[in-house]
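Residue numbering for the sequence shown follows UniProt numbering, starting at 1 and increasing by one per position. The beta-carbon is built from N, C-alpha and C at its ideal position, and this holds for glycine as well. Just below is one structure, and these are the notes that go with it.
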Amino acid sequence: MERTFAIIKPDAFAAGHAGKILSRIYEEGFTVVGLKKLYLSKIEAEGFYDVHRNRPFFGELTDFMSSGPCIVMVLQAEGAIKKWRDLMGATNPAEAAEGTLRRQFGSSVGENATHGSDAPETAAFEIGYFFSGLELL
Ligand code: GTP
Ligand code: MG
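Structure below.
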């Protein structure tokens with residue numbers, strides 16, 4: 001069964017939305033294979049978002065991701081990667097469809113409540129960045 005990597009970002013965690021987001025994850029039929037709370041350093045956030053290093057928003061993005069605790073997760077389901085991205089909605093909460101997590105909990109394109117892997121290769125990198133095999137049994 002497919003696995004994807006997800007984050008409840010610092011904005012959503014600080015606002016107390018982690019419980020509601022987790023409820024939604026279970027309701028939609030994902031299995032939570034791994035979960036932990038982390039407070040990323042700037043360096044750790046930069047390593048995670050290395051593909052965006054040359055984007056103009058890289059500094060802002062990694063400052064935000066290291067601004068407070070977040071929850072990192074490995075979610076499992078049939079077609080988990082697309083299923084989770086569909087549940088999150090568009091990157092910009094203002095463009096995200098009704099009923100999506102970013103529409104409900106995001107406040108701007110930067111502070112958009114959740115992250116999800118966009119392909120099998122990125123899911124493999126992102127899961128391995130935060131979890132060891134022993135944590136995903
Ligand atoms: P992720 O699931 O977080 O990877 O989002 P995404 O795949 O929908 O978007 P993308 O990979 O293009 O961008 C990664 C993250 O960078 C987004 O989730 C945003 O948090 C952030 N981001 C994207 N565009 C901007 C921007 O213009 N300004 C700022 N501050 N952040 C941005
Ligand atoms: Mg992305």
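Give the range of the alpha helix (DSSP H) segment to which residue i is assigned.
i	result
Phe30	Neither: Phe30 is in no alpha helix (DSSP H) and is coded neither H nor E.
Phe105	101 to 105
Arg3	First-last for Arg3: 3 to 8, but that is the beta strand (DSSP E), not the alpha helix (DSSP H).
Asp86	80 to 88
Gly47	42 to 48
Pro93	No alpha helix (DSSP H) holds Pro93; DSSP gives it neither H nor E.
Gly128	120 to 130
Around the C-beta of residue i, are 16 or more other C-beta atoms found within 10 angstroms, so that it is buried, or is it exposed?
i	result
Pro93	buried
Leu136	exposed
Val32	exposed
Phe30	buried
Glu28	exposed
Met65	buried
Arg102	buried
Asn112	buried
Glu126	buried
Phe57	exposed
Pro10	buried
Val51	exposed
Arg55	exposed
Is residue i helix, strand or coil when you go by DSSP?
i	result
Val72	strand
His17	coil
Val109	coil
Leu134	helix
Considering only DSSP beta bridges, list what residue i is partnered with.
i	result
Leu35	Met73
His115	Ile7
Just reading off the beta strand (DSSP E) that residue i is part of, what are its end residues?
i	result
Phe58	Looking at the DSSP string, Phe58 is not in any beta strand (DSSP E); the run it does join, the alpha helix (DSSP H), is 58 to 65.
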